[in-house]
Amino acid sequence: MSLEKVIFGFFVLLAATLNLGFFIGDISNPALHNEYELFAAVVVNLIATVLKFGDRTQIGAVHLATSLVADLQLIAATLVWVYATQISEAGMTAEATASVVSLSGGALLANLVSVALLVIETTTFHRR
Amino acid sequence: MTARRPAHKPAGWPSVKRRTRMARPSEGSPTVFLVLRRMRAPLIVLILIFAISVFGLTLIPGRDAAGQPMRMGFFDAFYFMSYTATTIGYGEIPHPFTGAQRLWVTATIYLTVIGWAYAIGSLLTLIRDRAFREALARRRFTATVKRLREPFLLVVGYGQTGQLLGHALDALGRRMVVIDNMPEHIDTLDIDLYYSDIPGLVADAANPHTLGVAGLEHPACEGVVALTDNDEVNLTVAMTAALIRPGLPVIARTVSPAIEHRMHAFGSPTVVNPFDRYGDHLRLALHAPSAYLMMSWLVREEGAEMPVPGRPPASGRWVVCGFGRFGHKLTEDLRADGHEVTVIDLHPDPEHGLTLIEGDAVEPSVLAEADLRTASGFVAGTDNDATNLSLVAAARKTNPSLFIGARQNRPANAPLFAAMEIDWLLVPAEMAAREIYARLSTPMLWHFLQQMPELGEDWAAETLDRMRAHCGSHLGALWKVTLSEHEAPSLQPWLHAGILLGDLMRSPHERDRRLDAVPLMLKRDGETVLGPADDVMLEAGDQLLLVGRTWSRRALLDTMSNRVVAEYVLSGRDVPAGWLWQRVSRRIPTEVSGGDSPGRSSDDR
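Order-wise, the sequence lines are chains A and B.
Residue numbering for the first sequence follows the numbering used here, starting at 708 and increasing by one per position.
Residue numbering for the second sequence follows the numbering used here, starting at 38 and increasing by one per position.
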């Protein structure tokens with residue numbers, strides 16, 4: 708067992724679970740989507756991305772790509788949230804909530820792919 | 038060590054000429070990945086510090102302008118942390134902080150400063166890092182080599198010999214790519230003055246992939262020159278080139294006959310052994326001083342002054358100090374000439390017919406044993422310059438009339454050897470560089486030099502006189518012309534009847550004058566004529582090697598490419614240059630026509 712693999716798996720999985728936690732619930736109800744959870748998802752996703760830097764294998768490259776997609780989606784969700792809470796007059800309306808949550812839903816898909824890759828990698832390279 | 042061969046190739050030697058591709062190691066990853074990999078830890082630390090600081094700020098209760106309790110939103114907290122962490126500092130927004138908030142912010146300021154310092158520090162270390170710089174240099178080198186479009190030589194080993202050769206070839210306008218395992222040697226590419234930009238890489242040439250990176254498989258690679266100090270490496274380079282690019286010209290330097298033999302097992306490399314040449318030249322100088330003089334002049338660069346004819350080597354008994362690879366070669370050559378040889382060495386291998394003295398030649402008693410008073414020649418041939426110099430001094434003291442030969446190993450010691458006025462100095466690096474230069478610059482010159490000694494001393498002396506009469510005491514241009522359709526279009530109408538060499542050598546300005554050029558060799562269908570006389574008939578396809586002044590070279594080019602000039606030079610007729618005037622004046626230059634004689638139109642006058 709290598710500590711590196713533990714940390715790597717931990718962050719990849721945590722990014723997916725936090726993302727799912729934020730995403731779940733009625734898509735247009737702001738009360739069901741906690742901003743702290745979104746914040747945690749962004750931070751953990753960024754860390755997961757950095758952990759994937761510099762891996763030169765094919766699977767490593769796909770890993771990095773999925774993480775970058777998730778980051779992009781989550782940052783877009785955060786920007787929509789900032790727009791709704793800080794700039795827009797209307798505040799967190801049902802529409803704004805829906806677009807934040809749906810963007811994070813896209814990130815969730817990318818994170819699920821990431822987890823799938825992690826599982827594939829684990830089963831393929833079990834000797835290493 | 039051999040080049041990797043693809044697995045699907047059948048074992049054994051395919052008889053067809055093939056090219057093996059080298060599988061490149063995975064060095065294709067961009068440098069940015071190296072940066073990313075190294076920056077992993079600092080970036081994660083930075084993200085964590087930011088996350089903790091922002092998160093803490095949103096949790097700690099604050100107060101708005103009206104004094105109502107409120108909490109900072111994520112956006113405000115992130116905004117505040119961003120400008121605080123980067124030490125820009127716009128103040129406390131949106132409302133002045135409470136004590137609890139200030140306490141937290143104080144802690145986060147120190148944290149973020151540490152985070153940034155760590156990240157920036159890591160980045161700077163990375164840029165200064167040796168491995169990183171090497172990766173960058175290799176990448177730049179690979180890209181430069183890939184972009185080369187002109188034919189280039191791959192020079193492996195850029196020590197003394199390499200640099201001498203490099204400067205000479207660069208002056209000729211040849212392109213090179215250089216590999217050496219010593220960073221100092223590669224640095225000279227930047228420090229010294231060169232006309233062209235020479236890409237250089239610090240790498241182990243014994244690794245075939247290094248040669249691949251340096252363009253061995255590049256279509257514009259016209260040859261490989263292996264000049265490292267290590268014979269094994271030179272052998273590996275010659276082998277790699279022969280296996281990867283069969284048929285590519287390879288020139289390799291070695292001082293070991295065994296390695297030379299092994300090199301010849303792969304393709305047909307040209308092997309240069311400076312120790313071997315020294316003896317050959319010494320013999321040549323013994324028999325034909327003028328031939329030797331001409332040879333040592335011709336292998337120099339254009340504009341080189343004629344070497345001063347030194348003292349001719351003496352016949353009689355020779356004393357050779359140092360019986361290593363150099364000593365062996367030299368005694369072999371001397372004995373082949375019938376000279377008696379006495380050898381002094383610390384541990385000489387007994388050899389039949391040689392007088393061997395065991396001991397350190399520097400010791401007066403050992404040197405006295407060799408009885409220098411009755412000897413006629415003395416060679417200090419150890420691999421230590423200080424020893425050689427002191428040996429020469431000691432030998433001179435005993436017998437001032439000795440013919441002195443010495444071996445100079447380090448270029449820095451050149452002034453010392455010059456001050457000693459050695460009769461016959463061997464600088465292995467220079468000798469190898471000269472020979473390779475002669476082979477590469479004008480391949481025909483090399484054939485000439487190989488065959489020239491056979492013609493004897495008188496012929497050499499006469500040719501040397503002609504060269505001096507035409508070029509003065511500075512070596513003129515050496516060039517080759519081919520009387521082909523492509524190179525000499527204006528001579529074609531005359532060539533089927535044959536042109537007298539003497540006619541071709543007439544000056545286009547005044548045909549009674551001769552060009553300042555000496556034809557050294559004529560090559561026709563693989564057969565060569567050395568020093569062709571003026572009454573030799575030239576035919577289509579003949580190749581001529583000439584030495585002479587630069588203006589003569591241009592004049593000859595004129596004769597060969599301009600019909601009007603050719604007409605004047607070969608027949609003495611003045612023909613108008615333009616088509617219309619030729620018709621009007623009815624003076625038409627000789628045409629290419631099967632049976633007609635070249636002078637057909639001359640009666641139109």
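C-beta: ideal position from N, C-alpha, C; glycine also.
Predicted model, so just to flag it, every value in this text is computed and none were measured.
Proximity to residue i [Cα-Cα], best of the options
i         : options                                    : result
B/Pro-465 : B/Val-142, B/Pro-326, B/Phe-189, B/Arg-447 : B/Arg-447
B/Arg-176 : B/Leu-161, B/Leu-190, B/Gly-396, B/Ala-240 : B/Ala-240
B/Ile-296 : B/Val-287, B/Gly-304, B/Val-308            : B/Val-308
B/Thr-123 : B/Leu-140, B/Met-107, B/Gly-136, B/Thr-145 : B/Thr-145
B/Gly-414 : B/Asp-420, B/Asp-397, B/Val-429, B/Leu-439 : B/Leu-439
A/Met-750 : B/Ala-88, B/Tyr-195, B/Leu-73              : In the sequence under discussion, the amino acid at residue 750 of chain A is Val, which differs from the Met named in the question. The shortest Cα separation from A/Val-750 among B/Ala-88, B/Tyr-195, B/Leu-73 belongs to B/Ala-88.
B/Gly-364 : B/Ala-407, B/Arg-433, B/Val-292, B/Leu-160 : B/Val-292
B/Thr-181 : B/Ser-305, B/Leu-567, B/Arg-211, B/Gly-252 : B/Gly-252
B/Val-262 : B/Glu-395, B/Ile-473, B/Leu-280            : B/Ile-473
A/Ile-731 : A/Leu-745, A/Ala-803, A/Leu-720, A/Phe-718 : A/Leu-745
B/Val-518 : B/Ala-506, B/Arg-503, B/Ala-577            : B/Ala-577
B/Pro-480 : B/Leu-321, B/Ile-81, B/Pro-220, B/Gly-260  : B/Gly-260
B/Leu-581 : B/Glu-339, B/Gln-619, B/Lys-366, B/Val-566 : B/Val-566
B/Pro-283 : B/Pro-294, B/Asn-267, B/Ala-302            : B/Ala-302
B/Thr-684 : B/Pro-98, B/Arg-476, B/Leu-528, B/Ala-570  : Chain B is shown only over 38 to 642; residue 684 of chain B falls outside these bounds and no answer can be derived.
B/Gly-237 : B/Ala-243, B/Glu-221, B/Leu-280, B/Phe-115 : B/Glu-221
B/Gly-442 : B/Gly-136, B/Phe-115, B/Ile-164, B/Val-429 : B/Val-429
A/Thr-804 : A/Ile-734, A/Leu-710, A/Gly-716            : A/Ile-734
B/Arg-354 : B/Ala-407, B/Ala-412, B/Asp-313, B/Gly-396 : B/Ala-412
B/Ala-468 : B/Gln-197, B/Pro-79, B/Thr-273             : For clarity, residue 468 of chain B is Met in the given sequence; the question names Ala instead. When each option's Cα is compared against that of B/Met-468, the closest is B/Gln-197.
Residue i classed as buried or exposed, judged by whether at least 16 other C-beta atoms fall within 10 angstroms
i         : result
A/Glu-828 : buried
B/Tyr-329 : buried
A/Ala-784 : buried
B/Val-192 : buried
B/Ser-589 : buried
A/Leu-786 : exposed
B/Pro-306 : buried
B/Asn-218 : buried
B/Asn-310 : buried
B/Glu-604 : buried
B/Pro-437 : exposed
B/Met-574 : exposed
A/Gln-793 : exposed
B/Trp-616 : exposed
B/Ala-470 : buried
A/Val-808 : buried
A/His-770 : buried
B/Arg-642 : The pLDDT assigned to B/Arg-642 is 36, lower than 50, so where the model puts this residue is not dependable, and the model offers no usable value.
B/Val-621 : exposed
B/Asp-611 : exposed
Anticipated Cβ contact below 8 angstroms, residue i with residue j, distance rounded
i         : j         : result
B/Leu-559 : B/Thr-596 : B/Leu-559 to B/Thr-596, Cβ: 17 angstroms. No contact.
B/Ala-278 : B/Leu-285 : 6 angstroms
B/Arg-337 : B/Leu-512 : 6 angstroms
A/Ala-748 : A/Val-776 : Rounded, the Cβ-Cβ distance is 14 angstroms, inconsistent with contact.
B/Leu-653 : B/Val-403 : Chain B is shown from 38 up to 642; residue 653 of chain B falls before or after that span and cannot be answered.
B/Gln-445 : B/Asp-422 : 6 angstroms
B/Pro-349 : B/Pro-326 : 5 angstroms
B/Ala-592 : B/Leu-552 : 6 angstroms
B/Thr-247 : B/Leu-173 : So it is not a contact: roughly 17 angstroms between Cβ atoms.
A/Asn-741 : A/Ser-774 : Not quite, the Cβ-Cβ distance comes to about 23 angstroms (not below 8 angstroms), so this is no contact.
B/Leu-557 : B/Phe-485 : 5 angstroms
Proximal residues, the segment 745–766 of chain A versus chain B, C-beta separation under 7 angstroms = Flagged, chain order: Phe-746, Val-750, Leu-753, Ile-754, Val-757, Leu-758, Phe-760, Gly-761, Arg-763.
Mind listing which residues of the segment 775–793 of chain A have their C-beta closer than 9 angstroms to chain B's C-betas, in chain order?
-> Thr-785, Trp-788, Val-789, Thr-792, Gln-793
In chain order, what residues of the segment 75–86 of chain B put their CB closer than 8 angstroms to some CB of chain A?
-> Per Cβ criterion, the list reads Arg-75, Met-76, Arg-77, Leu-80, Ile-81, Ile-84, Leu-85.
Along the segment 164–179 of chain B, what residues have a CB closer than 7 angstroms to any CB found in chain A?
-> The segment 164–179 of chain B vs chain A, Cβ under 7 angstroms: nothing.
Against chain B: residues of the segment 714–746 of chain A by CB proximity under 7 angstroms = From the segment 714–746 of chain A, only Glu-742, Phe-746 have a Cβ closer than 7 angstroms to chain B.
Would you be able to state if there are at least three C-beta pairs under 8 angstroms between the segment 317–335 of chain B and the segment 484–494 of chain B?
-> yes
Is it a yes or a no for the segment 492–501 of chain B touching the segment 529–545 of chain B, going by three-plus beta-carbon pairs under 8 angstroms?
-> no
Do the segment 182–202 of chain B and the segment 152–160 of chain B meet, that is, are 3 or more Cβ pairs less than 8 angstroms apart?
-> no
Quick one: any contact between the segment 375–385 of chain B and the segment 353–367 of chain B, if contact means 3 or more CB pairs under 8 angstroms?
-> yes
Any 3 or more C-beta pairs closer than 8 angstroms across the segment 130–146 of chain B and the segment 84–98 of chain B | yes
What residues in the segment 103–116 of chain B have a beta carbon less than 7 angstroms from any beta carbon of chain A?
-> Result list: Gly-110, Phe-111, Phe-112.
Touching by the beta-carbon criterion (3+ pairs, under 8 angstroms), the segment 66–81 of chain B and the segment 721–735 of chain A = The answer is no - the segment 721–735 of chain A does not touch the segment 66–81 of chain B, with fewer than three Cβ pairs under 8 angstroms.
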